[in-house]
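Participant: Just dropping this structure here.
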Amino acid sequence: MTLVMNKDWSVLQGAFLHTDKLCLPSSLSSLQKADWIRVGHPVLEAIREICSRNEHPTVSAEGCIKTVVCAVWMKLLGREAGEDVETAWKESPFFPLQNSLPEVNHVVLLELVKSTKAAQIFAHFLLHLPRSQVCTELDRLVQHVKSSPTTEEDVRLVLEVWWELWKGRDEKKAGGPNDMETMFEQQFARLSSESSGGTHQAAKRLKLDPASPNSDVLHILLHALKDVQHHISATDLCLQAFSISLDSLCTTFLIGRAVALPTKEKLQILSKAVGIREQSDEKLSPELVREAQRDLHASHTPSQFQPSIMKFGEALKIVTEAAQLWQSSGLLKVCDSCYSAFKLEQSVQRVLTALHEAEEPETSTEVNILRGLLESLTFPAVEIKPEVMSRVAAMIISHRLDDYQDFAVLFASETSWAACGEHWMDCLEKNQAAFQQLDTLIKLTSTLMSKLQSQSSNVSQCRKLMKVIADIFSALPLKDKNEALAEMMRLSSRGFFGCSVPSAVTDGFEQELNMAFNCIIQGGGGAAVSSHSNLNTAVSLVARVAYQNPEAALKSCCHSAVFNKGAFSLMAAILQQLPGLRGQRGGKDGAQIDEKEGKESEERIDEGEDAADGSSLLCRCLEEIVNTKSLAANEREQFLKFLGLLMTPVLIGEGEERKESFVQPQEVVNIFVLSNLSTVGNSSFDIDLSLQLLHTALSVDVQEAASSPHWVLDCSPFPLLYILAQLLDQTLSCREQPPECAVRLWSMDTKDLLVSLLTSLGQVVGAEVAAAPSSWSRALFWLYNKIEELDWTVRFHLKPVWGDHFKNEVPSALLTVCELPEQDWSGLDLPQYSLGTGLLAWMECCCVSDSLRSTMLAHLSLDQRRTDHVSMFSKGLLVALTQTLPWCSVSQWTRLLRVLKELITSGRLHVPFSLEYVEFLPLLDLKKFSCELRLSVLLLRVFQLLCGSSCSDWLSGDGWAHVGRLYAYAMREMMHSVRSKLPLPSSGALNVSESTSPKTPATNQSCTSIRSPKMSKDSVKDLRPAEDSLDMELEAETDASQGVLFVLSQLFCHVQHIQVMMPGGQSEPLFLSCLEILSHYEAIMSAFPRSSSPLESENTRHFFSTITDNLVNTEMKAVLQQKISQLVSSAA
2 MTLVMNKDWS
12 VLQGAFLHTD
22 KLCLPSSLSS
32 LQKADWIRVG
42 HPVLEAIREI
52 CSRNEHPTVS
62 AEGCIKTVVC
72 AVWMKLLGRE
82 AGEDVETAWK
92 ESPFFPLQNS
102 LPEVNHVVLL
112 ELVKSTKAAQ
122 IFAHFLLHLP
132 RSQVCTELDR
142 LVQHVKSSPT
152 TEEDVRLVLE
162 VWWELWKGRD
172 EKKAGGPNDM
182 ETMFEQQFAR
192 LSSESSGGTH
202 QAAKRLKLDP
212 ASPNSDVLHI
222 LLHALKDVQH
232 HISATDLCLQ
242 AFSISLDSLC
252 TTFLIGRAVA
262 LPTKEKLQIL
272 SKAVGIREQS
282 DEKLSPELVR
292 EAQRDLHASH
302 TPSQFQPSIM
312 KFGEALKIVT
322 EAAQLWQSSG
332 LLKVCDSCYS
342 AFKLEQSVQR
352 VLTALHEAEE
362 PETSTEVNIL
372 RGLLESLTFP
382 AVEIKPEVMS
392 RVAAMIISHR
402 LDDYQDFAVL
412 FASETSWAAC
422 GEHWMDCLEK
432 NQAAFQQLDT
442 LIKLTSTLMS
452 KLQSQSSNVS
462 QCRKLMKVIA
472 DIFSALPLKD
482 KNEALAEMMR
492 LSSRGFFGCS
502 VPSAVTDGFE
512 QELNMAFNCI
522 IQGGGGAAVS
532 SHSNLNTAVS
542 LVARVAYQNP
552 EAALKSCCHS
562 AVFNKGAFSL
572 MAAILQQLPG
582 LRGQRGGKDG
592 AQIDEKEGKE
602 SEERIDEGED
612 AADGSSLLCR
622 CLEEIVNTKS
632 LAANEREQFL
642 KFLGLLMTPV
652 LIGEGEERKE
662 SFVQPQEVVN
672 IFVLSNLSTV
682 GNSSFDIDLS
692 LQLLHTALSV
702 DVQEAASSPH
712 WVLDCSPFPL
722 LYILAQLLDQ
732 TLSCREQPPE
742 CAVRLWSMDT
752 KDLLVSLLTS
762 LGQVVGAEVA
772 AAPSSWSRAL
782 FWLYNKIEEL
792 DWTVRFHLKP
802 VWGDHFKNEV
812 PSALLTVCEL
822 PEQDWSGLDL
832 PQYSLGTGLL
842 AWMECCCVSD
852 SLRSTMLAHL
862 SLDQRRTDHV
872 SMFSKGLLVA
882 LTQTLPWCSV
892 SQWTRLLRVL
902 KELITSGRLH
912 VPFSLEYVEF
922 LPLLDLKKFS
932 CELRLSVLLL
942 RVFQLLCGSS
952 CSDWLSGDGW
962 AHVGRLYAYA
972 MREMMHSVRS
982 KLPLPSSGAL
992 NVSESTSPKT
1002 PATNQSCTSI
1012 RSPKMSKDSV
1022 KDLRPAEDSL
1032 DMELEAETDA
1042 SQGVLFVLSQ
1052 LFCHVQHIQV
1062 MMPGGQSEPL
1072 FLSCLEILSH
1082 YEAIMSAFPR
1092 SSSPLESENT
1102 RHFFSTITDN
1112 LVNTEMKAVL
1122 QQKISQLVSS
1132 AA
């Protein structure tokens, strides 16, 4: 940028020319200091005139003076460097200005700086010069000041330049490459480079010898002070000089690094400085505070001008002698508070502290003298009001001055300032960005909570402050939000509403809470999270209200997750992003659990003590939901899935490797399982839901470290196993008619779930026991003694826990039908298992587990060579199966069906099959279907016994419904087995068959005009084997399909027979089985048209209709008859 001539500069040019004429017979190039007062007024008047004009409001008075000083100085430097005019007008942006001026000397420059009070500008230019040139210019300044006449204004100029140098560059005022100081620095560098390549004299003028005494800035300035100290007669100037010299001494020799002051202390110093200057009619402004900050920073930071010549002793001596002189002259007596006195007081305190910490023996005498002198000084007390501190802090924050974020923390934490007036609140509202840091937010939160707890709180201000805090929180990054939430959870789980809060404040929050969750739900809360941005928005909304009231936000999350369809996944995803809401986790360290677990837990169970210690806020919210409202099936499912997702570990934040769960499984088990299962009958909590939660918790992959104990050990595992065993024991008689005082009727699904839980939990506990058996021996024996009270089959489910510690105990009757090794098995004398009940016990063992089923089959005692033994076994098994079936769960029934199939196929179970549902004897090979037919007949015989007069009162209505479901399950298994033996229809064969049929158009090809080539006899012979093979394949498919149809018809009749026999005759599972059989029948007839002729189809329709006529329920009968009629129509 080139500085151009304008109207203002023309005025200034004229003033300089006028001044030059006033110097005649001399000129400005040889002006003496004493002559400036006589000739300099035209230039000063021109500058005042230019600065007072308003034609260019963007150009400040400081900028105008800076331009003049820079142009004059550059003219001097250019002359010293012997700058070529041809080069200058091309490369120097100052050329148009400096070329218009007459020749001047350094007296003009320095007197101009002094007269326009431009010491700060002069110092800032100096700071952009190399250190050697700085010393050169300071030497010139000192020589000028010392030359006659020396006035206090000369001394003040030196002091002001000195202190500005110590404050350093003002980076915040830097304006980039077009900044005046930057251009000045660039032009000096250009002149230096040109002079180094030019004449030796020019280079010598611009370069100083580093070894010269003048290369030490502090040396130059302290000796200047020594030379002019006698010219100081004003107290204010004396205090200023003493303060600057003390600070220079301290920052150069006594401190090695910057002193970090606490923010509050820093603000007190700044407020005192501003308050004193306000008393001098200076208004509070950003510039005033910024200069006070620069003064404070320079006083506590090591000087950039480290001495190369001057030693501490010499500097100390100069300062001490000057102080003694001023004290003897009475200049150090301070009566009234002024800025210079305040600065000196601060300097004295700093130097005394530094001298105490940095004693040097060789200078002890001078130190003691100076210390005594400083300690003798007295200063008037400076009081500072909280309002001033508040206004100064607000000014720093509003204009982003140095350390504004630290001041924002202090501003937020001072509750006394909040009562100073609206300006405190106004600062917060207008400068929220300055408060967007975690520490500041926490301080503001504490301030608001204090205001809410006070009886004289301003409701309007509290609402404003709450909104500001929420806005600041919302602007934080997610990591800081979680830290803030965790801190809020430590303060109060109800956030700002932990105490009695005015309703106006509460109502506003309730509206925001409802609006936030309405937005989330209406924006896709019922579906899977569609995008990362949507999730981030939802997380921000929940986090905002959660910071104000964590409990209310979590209650809303839980309510939405349970009662809004599909919202559980989004709510879980939101909470997984907000681990700060987990709060303090309870639970003991698994490593501290030992054998005392058994006894302590036993006492807890016996006394009914609640085991849910350290429950989380979220679990309490969920517990409140399930305790106050009966959940529908879909709501229970969402409840389970919600907690399952929250227990699943996820990565928290970017770059994290460790996964964490929002809710630990042990928390869920302790709160929702242990406390409720241990008080069965007294708890309003759903027991089935507790068991399902335990199953979900055990299914979660927590990914614990291999060396750490399993989390189950935090949940009283042995008492928990005992409770589950007790519940399983109760389900073993679930089909019995319960007495009127019974608490509940257990379902078979619950029985299966209990078995699964005992197995999973037993495996986990068993692994811990196997790892340290001696540590768990007491708890192990406690559990075994407790289990002895229960049904004998229960202890088999705890085999992973027992390991090899105990034998397998079974009824003695079982040992009569099963040859089991004595070292692993022992008999029990149980009254309900008398002589002849061995097969019943054997079958119950088969139901327990797959491994036990295999053991029972392998060790069954039966001589198949003796027909009487096989016959007796078959009859006994029929009776035992009739007794076992009603008490089987689906998983147990599945095992039992496999046992029956194994016994039938191995020939150990004899089931005679009679053709009682066949009108005509089919000429089919049914050998491959014998297992399914015999099993179906066996089940028919079982139900004939169950429905007989001797057994009809065994079961309740629920019991009959249950055995109906089990039978339908068995039928479905048999249907799938039968269909699996049917080959796929040969589509190629069908196509060939159709193409060679007499009805196909191919037989009329002889009528066409184009004659086909005649086939040779060899070709005809080649086709005959293919046709024969195709016929054989079709015949095999037909036989197989007819066999399947026959078996399906038998199954249909068996199902119909049983449905008619069962009480009520309205078993829906059996009715659905019949429909399924007919659907299979229809599909096979459609796939294999040759499997049934029209006459056979009609006979089948008549046969099925006759069987169906026996049904009592007219609706079921009508549906089946319609299905049967469609069956025949499709075959036709």
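All residue numbers for the sequence shown refer to my numbering, where the first residue is 2 and numbers rise by one. Every residue, glycine too, gets a C-beta built ideally from N, C-alpha and C. Computed from a prediction, not measured in an experiment: that's the story for all the values here.
1) Ordered along the chain, which non-local residues of its own chain (more than five positions away) have a Cβ less than 8 Å from that of aspartate 1199?
2) Could you tell me the alpha carbon to alpha carbon distance between serine 1080 and leucine 1049, rounded to whole angstroms?
3) Report the three-state DSSP secondary structure of tryptophan 826 (helix, strand or coil).
4) Expressed to the nearest angstrom, what Euclidean distance is found between the alpha-carbon atoms of aspartate 228 and histidine 145?
5) According to the neighbour-count rule (16 or more other Cβ atoms, all chains shown, within 10 Å of its Cβ), is threonine 1107 buried or exposed?
6) Counting only the same chain and skipping the five closest in sequence on each side, list residues whose C-beta sits under 7 Å from that of alanine 743.
7) Helix, strand or coil: how does DSSP classify aspartate 9 here?
8) Kindly identify the DSSP beta-bridge partner or partners of asparagine 535.
9) Going by beta carbon distance, what residues of the same chain come within less than 8 Å of arginine 1, once the five residues before and after it are set aside?
10) Taking serine 304 as the reference, which of Trp327, Cys336 and Phe254 has the closest Cα?
11) Quick one: is arginine 49 buried, meaning 16 or more other Cβ sit within 10 Å of its Cβ, or exposed?
12) From the DSSP secondary-structure annotation, give me the bridge partner or partners of leucine 652.
13) For the putative contact between glutamate 186 and glutamine 121, defined by C-beta atoms under 8 Å, what is the C-beta separation to the nearest angstrom?
14) Does the pairing of the region 720-733 with the region 746-765 give three or more beta-carbon distances under 8 Å?
15) If distances are taken between C-alpha atoms only, which option among Ala726, Gln294, Leu486 and Asp140 comes closest to leucine 442?
16) Taking leucine 799 as the reference, give the member of Pro720, Met873, Cys889 and Val871 with the closest Cα.
17) Quick one: give me the first and last residue of the alpha helix (DSSP H) that valine 73 is part of.
18) Assign valine 69 to buried or exposed, taking buried as 16 or more other Cβ atoms, counted over all protein chains shown, within 10 Å of its Cβ.
19) So if DSSP puts glutamate 810 in a beta bridge, which residue, or which two residues, is it bridged to?
20) For leucine 714 and isoleucine 397, I'd like the C-alpha separation in whole angstroms.
21) Which whole-angstrom value describes the C-beta separation of leucine 1184 and proline 103, a residue pair presumed to lie in contact below a C-beta threshold of 8 Å?
22) Please name the residue or residues paired with cysteine 819 in a DSSP beta bridge.
23) With a cut-off of 8 Å on the beta carbons, I'd call serine 417 and proline 387 a contact; round off their distance for me.
24) Hey, quick one: how far does the alpha helix (DSSP H) through phenylalanine 498 stretch, first residue to last?
25) Output needed for leucine 934: all residues of its chain with C-beta closer than 8 Å, excluding positions within five of it in sequence on either side, in chain order.
26) Decide if aspartate 217 is buried, meaning its Cβ has at least 16 other Cβ atoms within 10 Å, or exposed.
27) May I have the straight-line CA-CA distance separating leucine 725 from valine 900, to the nearest angstrom?
28) Taking three-plus beta-carbon pairs below 8 Å as touching, is the region 448-459 in contact with the region 510-517?
29) Going by DSSP, what residue range makes up the alpha helix (DSSP H) through methionine 975?
30) Which residues in the same chain as leucine 285 place their Cβ atom closer than 8 Å to its Cβ, once the five residues preceding and following it in sequence are excluded?
31) Return helix, strand or coil for methionine 1063, following the three-state DSSP convention.
32) In whole angstroms, what is the alpha-carbon distance linking leucine 865 and proline 801?
33) Quick check: what's the CA-CA separation for cysteine 558 versus alanine 814?
34) Over what stretch of residues does the alpha helix (DSSP H) that includes tyrosine 340 continue unbroken?
35) CB-CB under 7 Å to isoleucine 51, same chain, minus the five flanking residues each way: which ones, in chain order?
36) Under three-state DSSP, which class holds leucine 991?
Facilitator: A quick look at the data gives this:
1) What is shown of the chain runs 2 to 1133, which leaves residue 1199 out entirely.
2) 10 Å
3) strand
4) 12 Å
5) exposed
6) For alanine 743, the pLDDT reaches just 43, beneath the cut-off of 50, and the residue's location in the model is therefore unreliable, although a value from the coordinates is still provided. So no residue of the chain qualifies.
7) helix
8) None, per the DSSP bridge assignment.
9) With the chain covering only 2 through 1133, there is no way to say anything about residue 1.
10) Phe254
11) exposed
12) Lys660
13) Rounded, the Cβ-Cβ distance is 17 Å, inconsistent with contact.
14) yes
15) Leu486
16) Pro720
17) 62-82
18) buried
19) Ser827
20) 56 Å
21) Since the first residue of the chain shown is 2 and the last is 1133, residue 1184 is not available in this structure.
22) Leu861
23) 5 Å
24) Element bounds for phenylalanine 498: n/a, residue is neither H nor E.
25) Phe914, Leu927, Val1048 and Gln1051
26) buried
27) 27 Å
28) no
29) 958-981
30) Val275, Glu279, Arg392, Val393 and Met396
31) coil
32) Inspection of the sequence shows that residue 865 is occupied by glutamine rather than by leucine. Cα to Cα, glutamine 865 sits roughly 35 Å from proline 801.
33) 57 Å
34) 340-358
35) Asp9, Val12, Leu13 and Cys65
36) Confidence at leucine 991 is low in this model, with a pLDDT of 37, below 50, so the placement of that residue is unreliable and no value is reported for it.
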